[in-house]
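Mapping of the sequence shown onto full-length UniProt numbering: position 25 corresponds to residue 25, and the numbering continues sequentially without gaps.
Heads up, the beta-carbon is just placed ideally off N, CA and C, and yes, glycines get one too.
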Amino acid sequence: MRVGIGYDVHPFASGKKLILGGEIIPYQKGLSGHSDADVLIHSVIDALLGAAGEGD
Numbered sequence: 001m002r003v004g005i006g007y008d009v010h011p012f013a014s015g016k017k018l019i020l021g022g023e024i025i026p027y028q029k030g031l032s033g034h035s036d037a038d039v040l041i042h043s044v045i046d047a048l049l050g051a052a053g054e055g056d
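What follows is the structure, given as structure tokens:
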């Protein structure tokens, strides 16, 4: 069995949508990032790539 650990962080920002796991969460701030800033999806993908022995 292979195990991977993933993480991702983005700062909160006004005027952005909060997206977690591909779902829009109603909140007054969202996460700032160069993409959708979905920390849940990015962390899962990071863990899968780590378990597969691949880089980012």
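Q) Where residue 128 and Asp38 are concerned, what is the direct C-alpha to C-alpha distance, given to the nearest angstrom? A) Outside the modelled stretch of the chain, which goes from 1 to 56, sits residue 128, for which no answer is possible.
Q) If you run the structure through DSSP and keep just helix, strand and coil, what is Ile5? A) It is coil, neither helix nor strand.
Q) From His34 to Phe12, what distance separates their C-alpha atoms? A) Straight-line Cα distance between these residues: approximately 13 Å.
Q. According to DSSP, is Ser14 helix, strand or coil?
A. Three-state result, Ser14: strand.
Q) When the Cα atoms are used, what is the spatial distance from Ser14 to Ile5? A) Between Ser14 and Ile5, the alpha-carbon positions lie close to 29 Å from each other.
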